[in-house]
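J.: Listed in order, the protein sequences are those of chains Z and L. All letters in the first sequence, in the order written, are residues 1 to 318 by full-length UniProt numbering. All letters in the second sequence, in the order written, are residues 1 to 327 by full-length UniProt numbering.
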Amino acid sequence: MSGFDTTQSAIFTPRSGPLSRMVDWVIRHPRMFVFLMVLPITLWLGIVYIGALIALLIQSFFSIDEFSGIVVREFTFKTYGELLRPYNLDIILRTISMATAVTIAAAVLAFPIAYFAARYAKGKWKALFYIGVMLPLWSSYLVKVYAWKLVLAKEGILTWLFAKLHLTWLLDGLLSLPVIGGNSLSVSYTGTFLVFLYIWLPYMIIPVQASLERVPGALLEAASDLGATPRQSFRMVLFPLALPGIIAGSIFTFSLTLGDYIVPQIVGNSRLFIGQAVYTQQGTAGNIPLAAAFTVVPIVIMGIYLWGARKMGAFDAL
Amino acid sequence: MTDAVTFRGVSRHFGTVKAVDEVDLAIRDGEFFAMLGPSGSGKTTCLRLIAGFEQPTAGRIEIFGERAEGVPPYLRNVNTVFQNYALFPHMNVLDNVAFGLRVKGVGRAERHRAAEESLELVELAGYGARRAGELSGGQRQRVALARALINKPRVVLLDEPLGALDLKLREQMQEELRKLQRALGLTFVFVTHDQDEALSMADRVAVFAGGKIQQIGSSEDIYRRPASRFVADFVGSSNVVPADLAGVGISDQWASLRPEDIILDANGREATVTGTFFHGRVTKLSLDIKGQSLTALIPAHQTTPEIGETTRVSWDPARAHLMEREA
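1) Within the 7 angstroms Cβ cut-off, does residue 92(L) reach chain Z?
2) Buried or exposed: residue 118(Z), going by 16 or more other Cβ atoms within 10 Å of its Cβ?
3) Quick check on residue 88(Z): buried or exposed, where buried means 16 or more other Cβ atoms within 10 Å of its Cβ?
4) For residue 211(Z), I'd like the list of residues in its chain whose CB is within less than 6 angstroms of its CB, leaving aside the five on either flank, ordered along the chain.
5) CB-CB under 6 angstroms to residue 296(Z), same chain, minus the five flanking residues each way: which ones, in chain order?
6) Counting along the chain, where does the beta strand (DSSP E) carrying residue 217(L) start and finish?
7) List, in order along the chain, the chain Z residues whose C-beta lies closer than 9 angstroms to that of residue 100(L)?
8) Closer than 6 angstroms by C-beta to residue 58(L): which residues in its own chain qualify, once you throw out the five before and the five after it? Chain order, please.
9) For the region 187-218 of chain Z, which residues have a beta carbon sitting closer than 8 angstroms to at least one beta carbon of chain L?
10) Taking the alpha carbon of residue 294(L) as the reference point, which residue from 271(L), 310(L), 142(L) and 280(L) has its own alpha carbon closest?
11) By Cβ distance, which residues of its chain are closer than 6 angstroms to residue 83(Z), with the 5 residues on each side in sequence left out?
12) Tell me, which residues are paired with residue 64(Z) by DSSP?
13) Let me confirm a value: residue 108(Z) is counted as buried when at least 16 other C-beta atoms fall within 10 Å, else exposed. Which label applies?
14) Can we count residue 111(L) as close to the ligand SAM, meaning its CB is less than 6 angstroms from some heavy atom?
15) If you count every other CB in all the chains shown that lies within 10 Å of the CB of residue 127(L), and 16 or more means buried, which is it?
16) Can you name the start and end residues of the alpha helix (DSSP H) that residue 118(L) belongs to?
17) Chain Z partners of residue 73(L), CB-CB under 8 angstroms?
18) Cβ of residue 2(L) less than 7 angstroms from any chain Z Cβ?
19) Looking only at its chain, what residues have a beta carbon closer than 8 angstroms to the beta carbon of residue 251(Z), apart from the 5 residues adjacent to it on each side?
20) According to DSSP, is residue 6(Z) part of a helix, a strand, or is it coil?
21) Just to confirm before moving on: does the CB-CB distance between residue 312(L) and residue 266(L) stay below 7 angstroms?
22) Here's the rule I'm using: 16 or more other beta-carbon atoms within 10 Å means buried, otherwise exposed. How should residue 128(Z) be labelled?
23) If contact means a Cβ-Cβ distance below 9 angstroms, which residues of the region 58-88 of chain L contact chain Z?
24) Whose C-alpha, out of 195(Z), 189(Z), 190(Z) and 240(Z), is nearest the C-alpha of residue 214(Z)?
25) Does the beta carbon of residue 53(L) sit closer than 7 angstroms to a beta carbon anywhere in chain Z?
26) Mind listing, in chain order, the continuous beta strand (DSSP E) runs of no fewer than 3 residues lying wholly within the region 41-117 of chain L?
27) Provide the residue(s) that pair with residue 284(L) in DSSP beta bridges, ordered along the chain.
28) Under 7 angstroms Cβ-Cβ, which residues of chain L neighbour residue 240(Z)?
29) Would you kindly report the start and end of the unbroken alpha helix (DSSP H) that includes residue 102(Z)?
30) Assuming residue 123(L) and residue 142(L) form a contact by the criterion Cβ under 8 angstroms, report the distance between their Cβ atoms to the nearest whole angstrom.
31) Compare the Cα-Cα distances from residue 208(L) to each of 227(L), 220(L) and 171(L) and report the closest residue.
32) Going by the beta-carbon positions, is the gap between residue 340(L) and residue 29(L) smaller than 7 angstroms?
33) Is it buried or exposed, residue 51(Z), if we count other Cβ atoms within 10 angstroms and call 16 or more buried?
34) If we call anything under 7 angstroms between Cβ atoms a contact, is residue 231(L) one with residue 214(L)?
35) Name the residues in the region 94-127 of chain L whose C-beta lies less than 8 angstroms from a C-beta of chain Z; which are they?
36) Applying a beta-carbon distance threshold of less than 7 angstroms, which residues of chain Z neighbour residue 151(L)?
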């Protein structure tokens, strides 16, 4: 064998320069490396995030003096009691119903799209899928919501399309329904629902696609081989294995819908959602404790939801 | 007697790639049939054609006399042991094994009892409550087998089922698979790229290359009388030498000469040793006879010549096999 210098030392001389030496030192001390890595995020989460959350939680246990409008800094459950008034309870139930409906619809819509992307799309088709799903996220949220208001308006393209297709009766029938109907789509819960669905759908598609990608094709073949019809394969193999992704996606769609105050303000009727209630209470009404109490509601709901999802084993595969 | 599986002019093309190209074969009822070949030779695609995961682009497939083209996998009484076992990760072992009965609507108690029995068959009784992830490779292999057997299939397909196991376990599983196949009297179709495995386990072997079958025959046939250079080389790494050198024909023909048939012989012809490799039971010698490289396997107890030394070797020309085809 030629070209190998056998007089050369097998250990190279240490690197010079403060940064290189520091890196070399850190490489030899992996625990220190981990500590340095997590320090900034821990400080950020600990002080800015958790700290703010605790401040909020404390606020919710204060109350407001109804005559002077001044916050009384004394521990009380009075503000939480106010949440249970019919008007406020309606807001909470309305928001939860909307979030649930949006989440279920998003899961149903996302699954076939994600399945196609995970199983069949390759190369440039996969790139196209990612761009198609992500593109709406790159444009302004407000622009999209206002665009939808125009689309859904009585003079909008959707009404025009229904008329052209001689389906005006269908649209009118839908709008004449109690609760979900209204004067036009843009001032009905149906409109609010459609816009929420559009805005949050990517947050469902991506995790479902990721979970489906992790299901080996051989598992579906095995199911089919053992006699499972396509329907049984879906129910007994594909769906249970995609569940972590669906749960992950639903965490996004559910919590984002719970907290949003812009969509229902622009598209929908004048009835409030939790986000709007928080906005009004801490703004015009100046009732910080009630705003804080309202804010705690989604946190508690999400806490319960996550606990339930964990019980179902949704995070085992994450 | 009806053959278990017959292919007549079966092709499976993927675009311009001819994965399986006009294959004819007949797998007999109750036989252990091995499909042997390098990766990309079409053996796995053939297996998938029998299972129904692939449909032929041309030709006719019959399973026990019934046409199988266009029939989906779930309507075939044929079950597969997958290469990486494909056990359902969200089910325990018992539910994995019972899956085939569950989709048929068999009640929980009955299918669990049947699954227990199936697990007993592969000597895994009592492992039902475990998750697939908690088992060793060999145990997973057995679960996959138990799961494939629970539907009492007419044909069992095995796609390189022992590939992921270490040598010792593989040898043990080879024996067990063979025993089980004999005991059940079922038709096993076994895909492998390991020629030792194919030869030792199968009643008959089909050697694949380039989407075509190069040779079908008993293990002995394939090994002793390879039909082509490819078969000779792939099965048992035979020496392919000019026929006149081997002493069985004229110079423009080729003969296969098995390494173990070459012996050290003081009265033999001169050969230069270019390499020695100790394998325990045998020592492999790389030899050079007048520019022709040869491999010889000599028993390890014999004195091994050194690299660079000239030694003398011979062979019985009757052991050399003249090949019909060049390719």
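No residue lacks a Cβ here, since even glycine has one placed at the ideal position from N, Cα and C.
T.: Looking at the coordinates:
1) So no, residue 92(L) is outside the interface.
2) It counts as buried.
3) Counting of Cβ neighbours within 10 angstroms places residue 88(Z) among the buried residues, the total reaching 16 or more.
4) Only 242, 244 and 245 meet the Cβ criterion.
5) Cβ neighbours of residue 296(Z) beyond the five flanking positions: 60.
6) Annotation: the continuous beta strand (DSSP E) that includes residue 217(L) extends over 212-218.
7) Listed along the chain, the chain Z residues whose CB falls inside 9 angstroms of the CB of residue 100(L) are 225, 226, 227 and 228.
8) Sequence-distant Cβ neighbours of residue 58(L) in its own chain, meaning closer than 6 angstroms and more than five residues away, are 11.
9) Per Cβ criterion, the list reads 216 and 218.
10) Per the Cα distances, 271(L).
11) Correct list, in chain order: 293.
12) Residue 64(Z) has 71(Z) as its beta-bridge partners, per DSSP.
13) It counts as exposed.
14) Ligands in the displayed structure: none, and consequently the ligand SAM is not present.
15) With 16 or more Cβ atoms within 10 Å of its Cβ, residue 127(L) is classed as buried.
16) Element bounds for residue 118(L): 108-121.
17) One finds 221, 224 and 225 in chain Z with Cβ atoms closer than 8 angstroms to the Cβ of residue 73(L), taken in chain order.
18) No, residue 2(L) lies away from the interface with chain Z (no Cβ there is under 7 angstroms from its Cβ).
19) Cβ contact annotation for residue 251(Z) (same chain, cutoff 8 angstroms, sequence separation greater than five): 302, 305, 306 and 309, in chain order.
20) In the structure shown, the three-state DSSP call for residue 6(Z) is coil.
21) Cβ distance < 7 angstroms, so residue 312(L) and residue 266(L) count as in contact.
22) Under this definition residue 128(Z) is an exposed residue.
23) Correct list: 72, 73, 74, 75, 76, 77, 78, 79, 80, 82, 83, 84, 85, 86, 87 and 88.
24) Across the set 195(Z), 189(Z), 190(Z) and 240(Z), the C-alpha of 240(Z) shows the shortest separation from the C-alpha of residue 214(Z).
25) At least one chain Z Cβ lies under 7 angstroms of residue 53(L).
26) Runs of the beta strand (DSSP E) lying entirely within the region 41-117 of chain L, each at least 3 residues long, are 58-63 and 78-81 in chain order.
27) For residue 284(L), DSSP records a beta bridge to 277(L) and 297(L).
28) Within chain L, the residues 90 have their CB atoms less than 7 angstroms from the CB of residue 240(Z), given in chain order.
29) Under the DSSP assignment, residue 102(Z) falls in the alpha helix (DSSP H) whose first and last residues are 86-119.
30) Residue 123(L) to residue 142(L), Cβ: 7 angstroms. Contact.
31) When only C-alpha atoms are compared, the closest one is 227(L).
32) Coverage of chain L is limited to positions 1 through 327, which leaves residue 340(L) absent and any answer about it impossible.
33) Per the 10 Å Cβ criterion, exposed.
34) The criterion of a C-beta distance shorter than 7 angstroms is satisfied by residue 231(L) and residue 214(L).
35) Within the region 94-127 of chain L, the residues whose Cβ lies closer than 8 angstroms to some Cβ of chain Z are 99, 100, 102, 103 and 104, listed in chain order.
36) In chain order: 226 and 227.
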